[in-house]
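Input: a single structure, listed below in structure tokens.
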Amino acid sequence: MINNELILNVSNYLQEHNIKVSFVESCTGGALVSALVSVPGASNILEESFVTYSEQAKIKYVHVKKETLEKYSVYSSVVAKEMVEGLFYETGSALCVSITGNCGSNETTCGLAYVGIRYNGQIHEFTIEENGIREEVRSKFVNNIYEKIYQIISK
2 MINNELILNV
12 SNYLQEHNIK
22 VSFVESCTGG
32 ALVSALVSVP
42 GASNILEESF
52 VTYSEQAKIK
62 YVHVKKETLE
72 KYSVYSSVVA
82 KEMVEGLFYE
92 TGSALCVSIT
102 GNCGSNETTC
112 GLAYVGIRYN
122 GQIHEFTIEE
132 NGIREEVRSK
142 FVNNIYEKIY
152 QIISK
């Protein structure tokens with residue numbers, strides 16, 4: 002389950018500090034941006050959001066190199082970093098967030114994601130491993146990423 006209080010805290014901080022945010026999501030399929038727009042004031046801070054589920058979309062919208070995908074696959078920190086760099090190039094948002102990975106299936110109990118967060122010219126990369134069925138894993142990924150966002154922006 003998405004932690005709405007956490008999302009509200011992040012949203013309020015972004016609004017108070019006039020920080021624009023953009024997302025590029027793969028395995029979460031828009032859950033990050035959906036969580037943000039579920040709280041009041043998102044229109045004040047949300048710049049753009051992309052769901053780049055396929056390799057072709059990653060190449061087309063956020064300039065992930067085909068060679069990178071061939072060498073590392075979509076399930077890699079290298080791809081997450083290229084996604085967040087491409088997102089910044091396209092949007093110029095002060096806060097850019099990328100995620101790529103695997104949420105598992107309804108029978109699978111493990112998900113693995115790679116995340117990039119670009120803020121103040123610095124890229125923070127991390128890996129998330131969560132257990133649960135697919136929708137539980139997606140929610141855990143969202144909560145984990147918003148916790149990281151809050152840690153990074155409120156330093």
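Sequential numbering of the sequence shown, starting at 2, is according to the numbering used here. Note that beta-carbon positions come from the ideal geometry of N, C-alpha and C, so glycine has one too. Predicted model only: the values in this text are computed from it and were never measured.
Rounded to whole angstroms, the gap between the alpha carbons of I3 and E71 is 33 Å. For I150, the uninterrupted alpha helix (DSSP H) segment begins and ends at 135–154. The alpha carbon of E48 has as its nearest neighbour, out of Y73, G102, S140, L15, the alpha carbon of L15. DSSP places V25 in the uninterrupted beta strand (DSSP E) bounded by 22–26. The beta-carbon separation of S27 and V63, rounded to 10 Å, does not stay under the 8 Å limit for a contact. Sorting V11, K59, N107, G133 by C-alpha distance to the C-alpha of L33 places V11 at the top. The segment 100–108 and the segment 132–145 touch, with three or more beta-carbon pairs separated by less than 8 Å. A distance below 9 Å separates the beta carbons of I8 and S39.
In the three-state reduction of the DSSP assignment, G102 falls in the strand class. Collapsing the DSSP output to three states places I8 in a helix.
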